[in-house]
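Before any comments, here is the structure.
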Amino acid sequence: MIDPAYVTQILINGVLMGLLYSLVALGLALIFGVMDIINFAHGDFVMLGAYLTFLIATYFLIDPTVTIALTVPLFFLLGIAVYKAIIKPVLGAEPLIQIAVTVGLLMFLRNLALAIFHAEPRGVPYTVFSTPITIGPITIPLSRAAAGAVSLAVLYIVHLLLTRTRWGIAVRATADDREAAALMGINVERVYYTTFGLGTALTALAAALIMTFSRADPYLGLLYGLLSWVIVAMGGLGGVVGVLASGLILGIIESFGMSLISAGARELFLYVTFLVVLWVRPRGLFGRR
Amino acid sequence: MPALELKEVYAGYGEFRVLHGVTIEVGKGEIVALVGPNGAGKTTTLRTIMGMTTLYSGDILLNGNSIRRLPTHKRVELGLTMVPEGRRLFNHLTVYENLVAGALTRKAKEKLSDSLEFVFTLFPRLKERRNQLAGTLSGGEAQMLAIGRALMSRPSILLLDEPSLGLAPKLVIAIFDTVRRLRDEAGVTMLLVEQHVKHSLEIADRGYVMELGKIVLRGEARSLLTDERLRRAYLII
Ligand SMILES: Nc1ncnc2c1ncn2[C@@H]1O[C@H](COP(=O)(O)OP(=O)(O)OP(=O)(O)O)[C@@H](O)[C@H]1O
Ligand SMILES: [Mg+2]
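So the sequences go chain by chain: A and B. Quick note: the first sequence, position 192, residue 1460 per this note's numbering, numbers continuous. Quick note: the second sequence, position 166, residue 167 per this note's numbering, numbers continuous.
Here it is as structure tokens:
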């Protein structure tokens, strides 16, 4: 018999990671849903955000979560700049050209990180979230609990933005029918760059949360890029709810897989889940077309 | 001065030229019908007015000012809107959200509640269905929403591309009646593209007949209705 406390522990770990994974993927889901472009550099924005968090937290000796006051607005602007410089010119282009452009960005970011920081992981000097919470037999690292809670809150805020504001209606209308949106007087160009800005800003936020319990390294983009892709493919175009559900499923499966089968096979569980979902539901769990 | 004027417009899609010197005038408060066979370039004409094609030469004037260089959303801010062919609703948005999406321009925002009331009075069915997803509406309701959504931007000129397409005969009559009332009661100026040539010319003030990207006939709607060439080409079918 498996100890119920142990199972609960694994489940809680999975849910907390799943929430964070949902936040990591949210930006990608937004960008893909609105402008139909596959941003292969998404995970590497997380990596860039992790290094920036490391640098700022180390320089000012502050908690990594405080750095978001700087990194999130900066990444919003970075997203807009990247959109204008390299995404916009290829929006109507062949998928192959779009892939080449964002993979190029990925290579650039990854090699930039390798050149500056080498392959050595960097952790922040200190975080207020270092003590674990213990409830009976269950132990939850405070950093993971905070990351999960903040992720959930941000997912909810983005959901409200999309459903309750004029900007959100413009974004969803554009996602549905770009031309009809323009005919209604919606500035599609502005929808595109604000969406790309927000999607990128969210990676900085996720990166700060990741840095409370993990370290920055040049290959962080590999894991978080893959993760985001799996979540978006599973979530289909199901909006924030689809992203959240897919993230939770992945987090829980990963947690059980790592605890009960092998801790080293993290990516393997991602791939297998992805393949199974695509096999059962080719349009994603929450696909709508 | 006409409310809307196309002057010797040559336009198309990239290299594919469709319109060859089209001149059309729409006076304030008029319904002008634009008719012609499939593939004549009627939709292309409306899309060109909205800035969604390649304009090679010629000019488009809105109240005397050229709009040829403006992007689509700027033209909407100036009072132009189009009900596109096939409705093109935002299917994953509710009826209410579709209407709000039609009123996102600066000018329309302030009048949102007035505009909503206007549209709900015109189409009470939409009010009943306000929280339903647009993708689940019936054909008639969807067309009402397409027209209502366009009216939300408070257009001075409304372009209608086959608003009766795919509707049952009774609903066709209702749509034409709505178009007529929009002119008579709300003073909306309209350029109407339609397959139902006879119905269109009966409610229109003037009409243009387009073939192969050129205007081949123009005149008062009433005189076009009795024109022998037109009768032979369309009305008998
Ligand atoms: N997006 C497009 N790209 C290239 N060519 C197009 C496009 N849309 C229409 N055409 C071509 O332009 C010509 C005119 O088409 P248009 O849709 O304007 O005709 P129409 O008069 O509206 O016809 P219908 O009555 O069938 O709606 C046609 O030859 C058509 O194939
Ligand atoms: Mg047409």
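For every residue, glycine included, the Cβ atom is placed at its ideal position computed from N, Cα and C.
Using a C-beta to C-beta distance shorter than 9 Å, which residues of chain A count as neighbours of B/Met51?
The sequence position of residue 51 of chain B within the second sequence is 50, counting from 1. Per Cβ cutoff of 9 Å: Ala1450 and Leu1451.
Alpha carbon to alpha carbon, how far is B/Gly214 from A/Asp1312?
For the purposes of this step, residue 214 of chain B is taken as the residue at position 213 of the second sequence. For the purposes of this step, residue 1312 of chain A is taken as the residue at position 44 of the first sequence. Distance between the alpha carbons of B/Gly214 and A/Asp1312: 51 Å.
So with CB distances below 7 Å, who are the chain A contacts of B/Ser154?
Locating residue 154 of chain B in the second sequence gives position 153, where the first residue counts as 1. Near B/Ser154 (Cβ distances below 7 Å), the residues of chain A are Met1452 and Gly1453.
Is B/Ala41 a contact residue of ligand 1, with contact defined as CB to any heavy atom under 7 Å?
Taking the second sequence and counting its residues from 1, the one referred to as residue 41 of chain B is at position 40. Yes; taking the cut-off as 7 Å, the Cβ of B/Ala41 has a heavy atom of ligand 1 nearer than that.
Run through the DSSP bridge pairs and tell me what B/Ser67 is partnered with.
Looking up residue 67 of chain B in the second sequence gives position 66. Partner(s): B/Leu62.
Any heavy atom of ligand 2 closer than 7 Å to the CB of B/Glu195?
Here residue 195 of chain B is taken as the residue at index 194 of the second sequence, counted from 1. False, no ligand heavy atom lies under 7 Å from that Cβ.
Determine the burial state of A/Met1285: buried for a count of at least 16 other Cβ atoms within 10 Å of its Cβ, exposed for fewer.
Taking the first residue of the first sequence as position 1, residue 1285 of chain A is located at position 17. With 16 or more Cβ atoms within 10 Å of its Cβ, A/Met1285 is classed as buried.
What does the alpha-carbon distance come out to for the pair A/Tyr1487 and A/Leu1294?
Taking the first sequence and counting its residues from 1, the one referred to as residue 1487 of chain A is at position 219. Taking the first sequence and counting its residues from 1, the one referred to as residue 1294 of chain A is at position 26. Looking at the two C-alpha atoms, the distance is approximately 20 Å.
Please give the ranges of any alpha helix (DSSP H) in the region 137–195 of chain B, keeping only runs that are unbroken, at least 4 residues long and fully inside the region.
If we require 4 residues or more, the alpha helix (DSSP H) runs fully inside the region 137–195 of chain B come out as 140–152 and 170–187.
I want to see whether chain A comes within less than 8 Å of B/Ala143, judged by CB atoms only; does it?
The count along the second sequence starts at 1 and reaches residue 143 of chain B at position 142. Chain A, which has no Cβ nearer than 8 Å to the Cβ of B/Ala143, makes this no.
Give me the residue from A/Gly1525, A/Ile1299, A/Val1498 and A/Pro1393 with the minimum Cα distance to A/Ile1324.
For the purposes of this step, residue 1324 of chain A is identified with residue 56 of the first sequence, where counting begins at 1. Of the candidates A/Gly1525, A/Ile1299, A/Val1498 and A/Pro1393, the one whose C-alpha sits nearest the C-alpha of A/Ile1324 is A/Pro1393.
What residues of chain A sit near B/Arg89, judged by a beta carbon separation below 8 Å?
Translated into the one-based positions of the second sequence, residue 89 of chain B becomes position 88. Within 8 Å Cβ-Cβ: Asp1445, Glu1447, Ala1448 and Leu1451.
Taking B/Thr45 as part of the beta strand (DSSP E), name the residues at either end of that continuous run.
Taking the second sequence and counting its residues from 1, the one referred to as residue 45 of chain B is at position 44. Looking at the DSSP string, B/Thr45 is not in any beta strand (DSSP E); the run it does join, the alpha helix (DSSP H), is Lys43 to Ile50.
Any heavy atom of ligand 1 within a distance shorter than 7 Å of the CB on B/Tyr14?
Here residue 14 of chain B corresponds to residue number 13 of the second sequence, with the count starting at 1. Yes, the beta carbon of B/Tyr14 sits closer than 7 Å to at least one heavy atom of ligand 1.
Express the C-alpha separation of A/Ile1305 and B/Val19 in angstroms, rounding to a whole number.
Walking along the second sequence from the start, residue 19 of chain B turns up at place 18. Walking along the first sequence from the start, residue 1305 of chain A turns up at place 37. One C-alpha to the other measures close to 31 Å.
Considering only residues of the same chain and omitting the five flanking positions on each side of A/Ser1527, which have a CB-CB separation below 6 Å?
The sequence position of residue 1527 of chain A within the first sequence is 259, counting from 1. These residues qualify, in order along the chain: Ile1278.
Less than 8 Å between C-beta atoms, sequence neighbours within five positions excluded: which residues of the same chain meet that for A/Ile1521?
Position 253 of the first sequence, counted from the first residue, corresponds to residue 1521 of chain A. Contacts found: Gly1282, Phe1537 and Thr1541.
Sort out for me which residues DSSP pairs B/Lys215 with in a bridge.
Start at 1 with the first residue of the second sequence, and residue 215 of chain B comes out as number 214. B/Lys215 is bridged to B/Glu212.
Assign A/Pro1272 to one of three DSSP states: helix, strand, or coil.
Within the first sequence, the letter at position 4 stands for residue 1272 of chain A. Helix.
Would you list the one or two residues that DSSP bridges to B/Lys8?
Translated into positions along the second sequence, residue 8 of chain B becomes position 7. DSSP output for B/Lys8 lists B/Asp60 as bridge partner(s).
Can you give me the Cβ contacts of A/Ile1354 inside the same chain, cut-off strictly under 6 Å, excluding the 5 residues immediately before and after it?
Counting from one through the first sequence, the residue named residue 1354 of chain A turns up at place 86. Result list for A/Ile1354: Val1369, in chain order.
Say the cut is 7 Å; is the CB of B/Val19 nearer than that to a heavy atom of ligand 1?
Against the second sequence, residue 19 of chain B aligns to sequence position 18. Yes, since a heavy atom of ligand 1 falls inside the 7 Å radius drawn around the Cβ of B/Val19.
Are the CB atoms of A/Ile1408 and A/Ile1280 within a distance shorter than 8 Å?
Position 12 of the first sequence holds residue 1280 of chain A. Position 140 of the first sequence holds residue 1408 of chain A. Yes; because the gap between Cβ atoms is below 8 Å, this pair is in contact.
Rounded to the nearest angstrom, what separates B/Phe177 and B/Leu123 at their Cα positions?
If you number the second sequence from 1, residue 177 of chain B lands on position 176. If you number the second sequence from 1, residue 123 of chain B lands on position 122. When rounded, the distance between both Cα atoms is 13 Å.
If we define contact as Cβ-Cβ less than 8 Å, is A/Arg1432 a contact residue for chain B?
Residue mapping note: residue 1432 of chain A aligns to position 164 of the first sequence, counting from 1. A/Arg1432 does not count as touching chain B.
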